[in-house]
Amino acid sequence: MNGELEDVLSKIRCHAGSSAPTQRAPALLLHALESAMAEQSTSPTPVAYFASLLTTLDQAVKRASQSGDLSTLGEGAILPTTLYLLAAILPSVPSLVIRTNVTTLLPTIAPLFPSLNQHPSPLCSLVVIFGALLRSLEAPQFSTPQLRQLYASMLELTMDSHQKVRSHAQYAVKEVLRFPPSPMVMHPYLEQTVEYVTGVLNVVSGKNSRKQSDTGAQVGVWCCGFVRSLSEVWPESNLPPLIQSLQSLAKIGSPELTTLAFETLTALLKTPRYTPSASHISVILETILTSPPPSGSIAVSQAWLELLENTMVSYGRADSAGCSEQLLHVWRETWSWLKSESVSIRIAAEKALGAMLRYCLTLSDIQEAVEVSQSDEGEGEEALNATTLGAILKILEESTPSLSFIEAQPHVLYVLSCLISRLRIRTSIPSTSDTRPPTAAEVLLPDFVVYVAQLRTAEDFEYRERADDVLGMAIEVMGPEAVLDILPLNLLPSEVQASGGEGRGYLLPLLAQHTFNAPLKHFVQHFVPLSEKLFDLQTKAEQAKKATEVKIWEACVEQIWGCFKGYCDVCPDLSEAFDGDFAQLLTGLLYTQLNLRPAILRGLTTLFQTTKALATSSMPSEQMVLTFGMDREQAQKNLSMTKSMAGDLLSVLFNVFSGMPSDSRAMVSEPIAACLAVADPSDILATYEKVMALLRDNLARPPTPRALTSAHTMLDLLLIVIPFLEEATARKSFDAGLDLLEHTDSATQKRTYRNLVALAETGKALQADRIDGLLQRLEGCTEKIAPGSKPDRMRLFAEILPRLPPAHFGHISILLPEIVLGIKEANERTVTASFDCIAAMGKLVRTGAASNGLPSTHTDSMESTDTQASLEGFITMLGTALAGSSPHMASAAIMALARVLFEFRTDISETIQSELMATTIVFLASPHREIVKASLGYIKVAVAACPPPVILPNLDKLVPALLKWTHTGKGNKLRNTTRNTLGAMIKRYGFEKLDHYDEGGNGKVLASIRRDIDSGRKKKAAAKLARDKKDEDEDNDLVAPKVSTGNAFDDVLYGSDSDIGDDEAEGDRLRQEEATDKKKAKGREVRLRVDDDDPMDLLAGTAGNIKAVGILKRRKPGQDAGHFKLDEGTGRLMVEAESERDGRRQQQGGVVAFAEPTVDDVAGRAYMDQLVSVDGFARTAAGVVKFHKDTKKRRAAELEDGGDVEMEDAKASVPKHSKRPQVVKLGREYKAKKAAGDVKRAGEQDPHAYLTLREMAGKKKGPRTKYSITGRR
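Residues in the sequence shown are numbered from 113 upward in steps of one, following the working numbering.
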């Protein structure tokens, strides 16, 4: 049985004890069928289930026919129950089996269609069955009249009033039509479906009925949704009548139907497989333009604009010339919608305008506008406005400063950005004399770019992000040189004075982000001298001790060099611009300017990668010239240039690498690897020999810290060089690494293993004749392994073992103990690699010859195959570790067996699986907690992986053994694991079977687990419903998402699919928070927690998901935004004044409760107190501390904020509004702080009721203190 069907059936079985008949009846019928199969020794396959259910259904129908009443379909009846189970298993039944039994199944289900009209649930099951039947038939069988009549009945169900029936029918029809029988291209029932749908639309639109009712409108809604689902299979020849019907539907006056009609037409036009004729699209376009929506209907207007957009895009695909003729008219009609007060309508209009520019503005329109603009005739502007593109530019120019478009500024900027992107076309074909002719945007749009830059620097301008998008697109299309010609940076003081304006430093980040395929010569000639001048200004500022100016100039220099990467991305003039002087400059900067080093290294990495990619691409040379401004010959020339300078640059990068801390070398590793990728093999060999020579020299010296550090650096460099070595060199490097495996320095040993893993991954050093010797070397140094080397040692085994020849399988028994113990290591990488080695060994023995020296089980009654014999021998080897005296080894062996079971569950016989299960149950009674924990993990894996015949016979011992560990404490990890395992068993095998074997009276435990399962399902259902309704409430935490480790075994071993355990973990977390509430004043604690709040196992595979969080409840992004109103026009948050908020609260709830200030409130005011209070201080630019003066203004501010009250404890502070007098108990000064004084018994005098006359008299002036003689208030 496949896993998908087993999951479906397990969800049905667990409802055998449900109180709902609709849930209990299918479970009981399923149990009866499975019991009958077990008695007949029939394997529970999908075909067996199908045969049993088919017989049961036939008998149920015959019985109902004999009684003369097919409508007795109450809850729990046999007929709907059989239909439900048959619908559940049919998707897993082979099509051939269904096709063979069609003569039996079809007459059985045919009379049920009219009888089930008033019973939605069984009708849904019947639709699923009939849909599966249709998908399995061959072409000749569809000509059966009875079959066609039943299909017509199912078509009528697509418009049924019951939502579930309608959804199932529409989905079934869609799936049937999507997969026509071979060799037909179109399904034979597609024409019948088209006629039915078109007829329904005609009836709703009023062609066949004059009056429309609410029911008719609802049918129109359902039909439009059905048409959208059929857009992939709708025949193109039947598009015109459908379009006419939808157009008629849009004119009947119902806003809902009009919107749906527009959306349906849009869905049809978006379908890529359709290429409607230009005549059809022109009719649609004319109809759309002549029937604009009312301005007050936002939904209809959005749908209309989206339909107009997709109609124009389709028109452009079908007839670009005809679309170009209509573009200007449609553009004006759409542009007027930008004046709308609705943001949603303006967004739809901007998308439509952007799509028209992208797909409808033809190349001829652009060339015509460019030629007119570059002509020398006197009437150039008028001639330009007469062109399509010129008229669009005129509309843009007039609308940009207009007050009527003031709210549409961001949308106009978006349209302008799309226009710049479209005008990236070159004005002429690149040639040898002019490789970079200007783009159309450079000719037509410089004034717009200048205007946007001026708009961006305006103080009251709100949409700088949109303006940056326009400027960034201009840089990308026009190039940085053209943009800087019309928008100079003006960073130098002399430039600012000469231009009389402000600097444009905001362009530097845009240049860094959008520069691509730009000449490097421009950077060398423009930015390098500019950075030198700015660096001189920085030096002068440092000498003058002007810290602020130093920071400004330093930031400018860094941003300038941040643009270097963009100029290196597909550089067209590398061979001319990257000369010796520039290379020398880069070398000096890499050595001296640490802050510029990351930008330069990123640029060099990009330079090598893109140069090689372009030179080795298969792009035609002509296309390369049009796209990148250089032909293949120039690309090869640039690649040769990089190869020639790779040797010298590698030396520089190696020196930089050696001088950096080990944790900061990653940014140097990337350019080194990129440089090696383009270097000649001779340069790579020379580099390798140089590194190896330095490594040998350092290792030959006494082990001083300096020598070891140098050796570590060489090993790190060797790791970068390894992927580029040739096979012979790789073998020598591997042999040299084996000599260092027993080195006494742990860091050297660790790096050596890491390099060996890298060599093994290349496969160049692991020839079959070398593996035996390599493993012998590795086995001989077992006792001298440093702890930090174990992860990479296990990774090395994982790379070698899959290549182990069958003749050397004897190494498995030698390496197995070390690998098994690696499972219990604290390092997660070691655990993962050890599990990978176990899996690799299992695959070896599974594919190897018979046993190959492995022990095998001697079971005479079992005729096992070679695969089973070898796997069982491997399992026997693992099982020998269970008898070890060390609990550590035994638990590791159990976890290894769990991985083998999960990995090879289909290859291991059920007998061996049952024996392993019985053995593991015995270990559950072990006094060693470590062994019990591993045993619980094995059982959890076995429940998920093993078939029922393995688990069910062991339930009598398994259930009591598991229930023993459900009483070990509320927060115990073993308890939670046990409950999760029992929950999975209840879901798979049913509650009754587990409850039957409960010998210790633990029925309450199992019932509690079942309640948790039901609660989890309800939460999931509620969460799904909330997602369907698009509920965006930030407090809707119905079900936390499960965290996946990316490893199926870890998900089964450490995860939970039983819907229990989360509530307990959450309860433990809340109790821990409550216990630490008293410590909040001293500081916030940090605890370890995974995302789904499951109890953390630090040895688990999910330990990589640990994050440190505060003990307080985590806040969500945008959590507080929902408490404020949102302005629809600008998208800004509207924050109420405090007085307005308090007044509104009083109106809503009467009395406003004032909360006492907490520690966080006091801590939050510390910053303001430091700024404004008398005791605060400030720092000067030089860092000197200056305390605030005790001025009258500061004292008044403090009195206004809270007077001279000193709060030692924020929780003990008295709110200002509290007017109730404080009552002081007598003898309070004598009481012990923790013991609360002597005992005071009821009715007796307080032992410390002593008061002096002076205290009783009080002060002459001011309020007197009230004393409680009785100790009460």
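A virtual CB, placed ideally from N, CA and C, is assigned to each residue, including glycine.
Open item on the list: Output needed for Leu797: all residues of its chain with C-beta closer than 7 Å, excluding positions within five of it in sequence on either side, in chain order.
Closed with: If we look at Leu797 and ignore the five residues flanking it on each side, its Cβ neighbours are Thr841.
- [ ] Please determine, among Gly466, Leu531, Gln861, the residue with the shortest C-alpha to C-alpha distance to Leu74.
- [x] With the chain covering only 113 through 1385, there is no way to say anything about residue 74.
Task: Spatially closest choice to Glu250 from Pro257, Leu208, Leu238, Glu287, by CA coordinates - done: For Glu250, the nearest C-alpha among the options comes from Leu208.
Task: Among Leu702, Ala747, Phe676, Lys862, the one whose alpha carbon lies nearest that of Ser687 - done: It is Ala747 whose Cα lies nearest to the Cα of Ser687.
Open item on the list: Beta-carbon within less than 7 Å of Leu121's beta-carbon, same chain only, minus the 5 sequence neighbours each way: which residues are those?
Closed with: Result list for Leu121: Leu142, in chain order.
Open item on the list: With the cut-off set at 8 Å, would you say Ala1010 and Asn1066 are in Cβ contact?
Closed with: For Ala1010 and Asn1066, no; Cβs fall outside 8 Å.
Task: Reference Met929, options Leu259, Ile950, Leu401, Phe921, closest by Cα - done: First, the residue type needs correcting, since residue 929 is Pro and not Met in the sequence shown. Residue Ile950 is the option with its Cα nearest to Pro929.
TODO: Verify whether the separation of the beta carbon atoms of Val636 and Phe694 is less than 8 Å.
DONE: By the CB criterion at 8 Å, Val636 and Phe694 fall inside the cutoff.
- [ ] Please classify His441: is it buried, with 16 or more other beta-carbons within 10 angstroms of its beta-carbon, or exposed?
- [x] Taking all protein chains shown into account, His441 has fewer than 16 neighbouring C-beta atoms within 10 Å of its C-beta and is therefore exposed.
Open item on the list: Measuring alpha carbon to alpha carbon, tell me which residue in Met772, Gln655, Ser487, Leu528 is nearest Trp447.
Closed with: Nearest of Met772, Gln655, Ser487, Leu528 to Trp447, Cα basis: Leu528.
Open item on the list: Using 8 Å as the threshold, is the C-beta distance between Ile124 and Leu195 below it?
Closed with: It is not a contact, given that the beta carbons lie outside the stated cut-off.
Open item on the list: Taking a contact to mean a Cβ-Cβ separation below 8 Å, would you say Asn314 touches Ser366 in this structure?
Closed with: In this structure, the beta-carbon distance from Asn314 to Ser366 does not fall below 8 Å.
Open item on the list: Comparing C-alpha positions only, which one of Gln486, Tyr1050, Ala1046, Arg444 sits nearest to Leu1013?
Closed with: Across the set Gln486, Tyr1050, Ala1046, Arg444, the C-alpha of Tyr1050 shows the shortest separation from the C-alpha of Leu1013.
Open item on the list: Using a 10 Å radius around the Cβ and a threshold of 16 neighbouring Cβ atoms, would you call Gly892 buried or exposed?
Closed with: It counts as exposed.
- [ ] Find out if the Cβ-Cβ distance for the pair Asn422, Leu381 is shorter than 8 Å.
- [x] In terms of Cβ geometry, Asn422 and Leu381 form a close pair [threshold 8 Å].
Task: Rounded C-alpha distance that separates Thr157 from Ser130 - done: If I take the Cα positions, the gap works out to 26 Å.
TODO: Would you list, in sequence order, the uninterrupted alpha helix (DSSP H) runs of no fewer than 4 residues that lie entirely inside the segment 647-686?
DONE: For the segment 647-686, whole alpha helix (DSSP H) runs of length 4 or above, ordered along the chain, are 659-674, 676-680.
TODO: Go ahead and label Gly996 buried or exposed: buried means 16 or more other beta carbons lie within 10 angstroms of its beta carbon, across all protein chains shown.
DONE: It counts as exposed.
TODO: Please go through the same chain and pick out, in chain order, the residues whose beta-carbon is closer than 7 Å to the beta-carbon of Tyr308, but skip the five residues on each side of it.
DONE: Once the five neighbours on either side are set aside, the close Cβ partners of Tyr308 are Leu267.
TODO: Starting from Gln196, follow the alpha helix (DSSP H) in both directions and report where the run begins and ends.
DONE: It should be noted that the sequence gives Tyr, not Gln, for residue 196. Residues 190-201.
TODO: Indicate the three-state DSSP secondary structure (helix, strand or coil) for Ala1265 in the structure shown.
DONE: Summary for Ala1265: the model assigns pLDDT 39, below 50, so the residue's position carries little reliability, and this model does not support an answer.
Open item on the list: Which of the three DSSP states is assigned to Thr378 in this structure?
Closed with: Reduced to three states, the DSSP call for Thr378 is helix.
TODO: May I have a chain-ordered list of the alpha helix (DSSP H) segments no shorter than 4 residues that lie completely inside the segment 429-488?
DONE: The segment 429-488 contains these whole alpha helix (DSSP H) runs: 432-447, 455-471, 475-486.
Open item on the list: Looking only at its chain, what residues have a beta carbon closer than 8 Å to the beta carbon of Lys1045, apart from the 5 residues adjacent to it on each side?
Closed with: Around Lys1045: Ser1003, Lys1085, Leu1086, Thr1089.
TODO: Could you check how far apart the C-beta atoms of Asp165 and Ile201 are, in whole angstroms? I think they sit under 8 Å.
DONE: Asp is not the amino acid found at residue 165; the sequence shown has Leu there. A Cβ-Cβ distance of about 7 Å is found for the pair Leu165 and Ile201, placing them in contact under the 8 Å criterion.
Open item on the list: Tell me which residues share the same chain as Ser343 and place their Cβ nearer than 7 Å to its Cβ, disregarding the 5 neighbours each side in the sequence.
Closed with: Excluding positions up to five away in sequence, the list reads Ala379, Leu380, Thr383.
Open item on the list: Can you list, in chain order, the residues of its chain with a C-beta nearer than 6 Å to that of Val312? Leave out the 5 residues immediately preceding and following it.
Closed with: So the list reads Cys335, once near-sequence residues are dropped.
Open item on the list: Please tell me whether Gly617 has its Cβ less than 8 Å away from any Cβ of chain B.
Closed with: The chain inventory of the structure shown lacks chain B, comprising one protein chain alone.
Task: Own chain partners of Lys1069 with C-beta closer than 7 Å, once the 5 adjacent residues on each side are dropped - done: Only residues of its own chain outside the window of five on either side were considered, and among them Ile1033 have a CB closer than 7 Å to the CB of Lys1069, listed in chain order.
Open item on the list: I'd like to check one pair, Ile364 with Gly110: are the Cβ atoms closer than 8 Å?
Closed with: With the chain covering 113 to 1385 only, the question about residue 110 has no answer from this structure.
Open item on the list: Please report the straight-line C-alpha distance between Ile1024 and Leu1064, rounded to a whole angstrom.
Closed with: Here the C-alpha atom of Ile1024 lies approximately 15 Å from the C-alpha atom of Leu1064.
Open item on the list: For Ser204 and Val1055, I'd like the C-alpha separation in whole angstroms.
Closed with: If you take the alpha carbons of Ser204 and Val1055, they lie about 22 Å apart.
- [ ] Taking Ala570 as the reference, give the member of Thr551, Gly613, Ala586, Arg175 with the closest Cα.
- [x] Of Thr551, Gly613, Ala586, Arg175, the smallest CA-CA separation from Ala570 is found for Gly613.
TODO: Out of Glu644, Ala594, Asp681, state which residue places its alpha-carbon closest to the alpha-carbon of Asn629.
DONE: Measuring from the Cα of Asn629, the nearest candidate turns out to be Asp681.
Task: Residues of its chain near Val562, where Cβ-Cβ distance is below 8 Å and the 5 sequence neighbours each way are ignored - done: Around Val562: Ile598, Leu599.
TODO: On the DSSP bridge assignment, give the partners of Arg538 in chain order.
DONE: DSSP output for Arg538 lists Thr551 as bridge partner(s).
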